Each structure stands twice: as C-alpha cells, then as structure tokens.
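Positions -11 to 353 (my numbering) are the ones given, in order, by the sequence shown.
For every residue, glycine included, the Cβ atom is placed at its ideal position computed from N, Cα and C.
Values in this document were obtained by computation on a predicted structure and should not be read as measured data.
Worksheet for the structure shown next.
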Amino acid sequence: MLSSQSHLEDSEFSMLSVQELIKDPNITVPNNYYRPDQEPLKLLNGNDHFPAIPTIDLERLVSKEHTELELEKLEATCKEWGIFQLVNHGVSSSLLEKLKLEIQEFCELPVEDKMKFKIKPGEFEGYGSLVRSDGKLDWGDRLFMITNPVHRRKPYLFPELPSSLRNTLECYFQELQNLSKILLGMIAKNLKMEIKEMEELFEDGMQLVRLNYYPPCSEPEVVMGIIPHSDATGITILHQVNGVDGLQIKKDGVWIPLSIPPEAFVINLGDILEIISNGVYQSIEHRVTINSEKERISVAFFVNPRFDAEIGPARSLINPKNPPLFKKIRTEDYVKGSSSLKLNGQKYLANMKIENVKACSTIIE
Ligand code: OGA
Ligand code: NI
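Listed below in structure tokens is the structure:
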C-alpha cells in the first residue's frame, strides 16, 4: 500500500516524528516508511517456538562459589550468540521505574518541544531519524547523543533535557557504566587478554545513548523500527523500558524474535569487541520490528573505548600464531566512518579486515 500523500508529508515534522504521523487516524504507511521486502521469520519445524537467548546472572558471575561456571557460560554465549539477557544486574527497580516515567513524559511532550533537539544538518546526534541511503526512514523517533566524555556533550542536547529526566539518566548511566566495567573485565578474563588492557581502552570511554520511541503501526509487516545492523560498539546494554518486545536477531542465517523478561537487560556484542577479540567473538546482527497495537520504548547504551584510543586486536592476544585479523583505527575515526555507513545498514567493520593475514603476521609489534 502506497502513501496517501498525507497533508503531513510536506512538513518537516513528518520526516522527524512518526508519533505525529500516526495522530491522523486515517493514515496509511507513507511511501518513505514503506518496506515490504523484509526477510520473514522462518518457522522452525512448522511451529512458532523460537529458541531463547542465554541468560547470564551477574550475581553468580561476581560470586565466589559460582563465578567459574558462570564465566564458562558467558564464554560459550559470547562465542555462539554474541547476545544474552542479563539478570540480577543490580540496577534497582525503583530507578528503572523512575526512568520509565521520565522517558514516557518526554515522549509525550508537544512535538515543538522535542524539535528543539532535532538533528542538525551534517550531524548524527539529536532527535528524529535520518533518511537512509535508499531514501527510506525507520518507523521510530529517537534521541541519539554522546553522553561521555562530558565535554563532548552537545550543549543543546543532554544539558537541555528536562532536569528530572537528566538527573535520572545521569544515575542510570552511572549504574550502566559500572555494570559495563564488570562485564568487560569478565570478557577480558575469558579472552585471556590482560584485564588492564581492556580497562585502559574503556576508561572514561565514549558513551552514546539512544532513546527509542516506536509508535505502533497497523501494518507492522511493511515498516521497520530499525533495519538490520550490528552495533559499532564494544558492548551495548539495551533496556526495554516499557516491557514491549520487538527485537530480533539473525542467528545462523535465521531471524529469531526475542522475548525478554522486563527485569532483564539485553547485552549485545558490537563490532569493536569483534575487533578487540580478533574475531574470537562476533557482533550480532539485529533489527527492530513494530507492534501493531502497542508503543515500544527502549534505551540503548553504547559502551566504547576512549575517543583517543586506538582500536585494534588486543596486543595481549596477538602473537605469530594468532596474527591480527583487523587493522587499527582511532575510536574517533571509527565512529565517524561507521555512522555514515550505518545509514545503508553497512558495516564499517568490513573496511577493517586485513585481507591477507599471512602477509601481515610479520608486522606484529
Ligand atoms: C539500536 C538498537 C534496539 C531496540 O538502537 O541500535 O538496536 O530494541 N535498538 O531499540
Ligand atoms: Ni542496535
């Protein structure tokens, strides 16, 4: 079904806010959101039972008695899945409840208020959604911003948010920062890389945050919340703020819908960790589907190395028997390169591969 050429289509708001678009009860999916060519879910063995992603228990991971077993589980999960749900993560349910209320309140602000944050030409941070290289838009409104280091925060974004939301987000970021430090430490242990190397890379690292608001759509099969991609991050911590599912992952060539309990976070491994691990772990491809009735709200927290760090296979992992599979690049350049390619769902990681690994094994530092 093609566009009804809604009256909204000429206004800039329609480009930037799906939430506004669906206020018209007669709206059909406009052409620039229309994506009928999605890879469908394949039912396995004729039933609709899909496998669940593994669950990692943070309390067990840091406990004396269970750490070994949980570390093994984490290792197998990182290798086989690149994604897991994290329970007993220690972030209090009262903070998560506050976060939910504050974000919902932000989403309900008049569109004019949210437009103060809109993406400026040539930028990728801000409110709205960018037109992808095929001319299409995702079915969702987002606020995307760098939140660490603090001096890289755009003055018109995070500092201008309503103060109660800002304070709650600040607490939340602090919690997730601590959490990511623990997880990256455990990952370093499993990779048998020097923990210090991992810590130095991610100390005061670049942190990006995306608040995602996905309005419902009466034709969910012809729109996409976010097209298939892997995150250009170390790790991503995703929280389904209002408990509505929609995330799907591609595993062994097949799309799997995820059903995440409300108290769990989703942790996925990104391209940068794939590089650091020298390909031992791989980033996971995922996409976001839309619900026909319910709105969906999520917060994605992207954990990256320091801006001035050099991303490359971990020094402590590389030796003549394990030559580097990826080139080195500064975080800053990686982020710039990946944010432009991401618009067409391409991976910057592909540019980082060393084609002839044998030839390079002689130039290890
Ligand atoms: C992302 C992402 C998933 C979601 O922001 O990169 O994949 O469920 N989000 O919102
Ligand atoms: Ni993602």
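Residue closest to residue i, alpha-carbon to alpha-carbon, out of the options
i	options	result
residue 93	79, 205 and 154	154
residue 191	141, 166, 145 and 49	166
residue 125	22, 70 and 45	22
residue 27	119, 275, 298 and 341	275
residue 237	271, 98, 262 and 261	271
residue 151	113, 296 and 90	90
residue 247	257, 235, 211 and 280	235
residue 265	80, 63, 179 and 44	179
residue 128	40, 163, 277 and 297	277
residue 305	160, 201 and 262	262
residue 319	268, 137, 102 and 101	137
residue 173	164, 162 and 186	186
residue 245	85, 216 and 223	216
residue 201	64, 149, 207 and 214	214
residue 62	44, 85, 338 and 289	44
residue 24	103, 209 and 71	209
residue 123	268, 177 and 20	20
Beta-carbon proximity list for residue i, same chain, < 6 Å, skipping 5 on both sides
i	result
residue 203	6, 7, 10 and 283
residue 47	76
residue 253	74, 77, 225 and 227
residue 60	none
residue 29	243
residue 163	79
residue 302	181, 185 and 264
residue 189	293 and 297
Contacts around residue i, its chain only, beta-carbon distance under 7 Å, and the 5 residues preceding and following it disregarded
i	result
residue 341	313 and 314
residue 106	4, 114, 115 and 116
residue 145	105, 113, 114 and 133
Nearest-angstrom Cβ-Cβ length linking residue i and residue j, presumed shorter than 8 Å
i	j	result
residue 229	residue 287	6 Å
residue 97	residue 156	So it is not a contact: roughly 15 Å between Cβ atoms.
residue 175	residue 66	7 Å
residue 130	residue 199	6 Å
residue 281	residue 218	About 29 Å; that fails the 8 Å criterion.
residue 160	residue 57	That pair is no contact at about 30 Å.
Cutoff 8 Å; reference residue i; Cβ partners in own chain excluding five residues on either side
i	result
residue 108	114
residue 140	134, 194 and 295
residue 55	48 and 49
residue 249	73 and 75
residue -6	Residue placement at residue -6 is poorly supported in this model, since its pLDDT is 37, which falls under 50; the coordinates still yield a value, given next. Within the same chain, residue -6 has close Cβ partners 2, 9, 12, 15 and 18.
**Message:** As an exercise, report each continuous alpha helix (DSSP H) stretch of at least 4 residues that is fully enclosed by the segment 21 to 64, in chain order.
**Reply:** Runs of alpha helix (DSSP H) with 4 or more residues, each lying fully within the segment 21 to 64, are found at 46 to 50, listed in chain order.
**Prompt:** Which runs of the alpha helix (DSSP H) spanning at least 4 residues fall entirely within the segment 157 to 221, listed in chain order?
**Reply:** List check, alpha helix (DSSP H) in window: 183 to 190.
**Segments assigned beta strand (DSSP E), at least 3 residues, entirely inside the segment 292 to 330** = Complete beta strand (DSSP E) runs here, min 3: none at all.
**Request:** For the segment 103 to 129, list the beta strand (DSSP E) runs that are entirely contained and at least 3 residues long, ordered along the chain.
**Result:** Listed in chain order, they are 114 to 116.
**Asked** Where in the segment 228 to 300 do unbroken runs of the beta strand (DSSP E), each at least 3 residues long, occur, reported from the N-terminal end onward?
**Response** The DSSP assignment places complete beta strand (DSSP E) segments of no fewer than 3 residues inside the segment 228 to 300 at 235 to 239, 242 to 245, 253 to 257, 273 to 276 and 284 to 291, in order along the chain.
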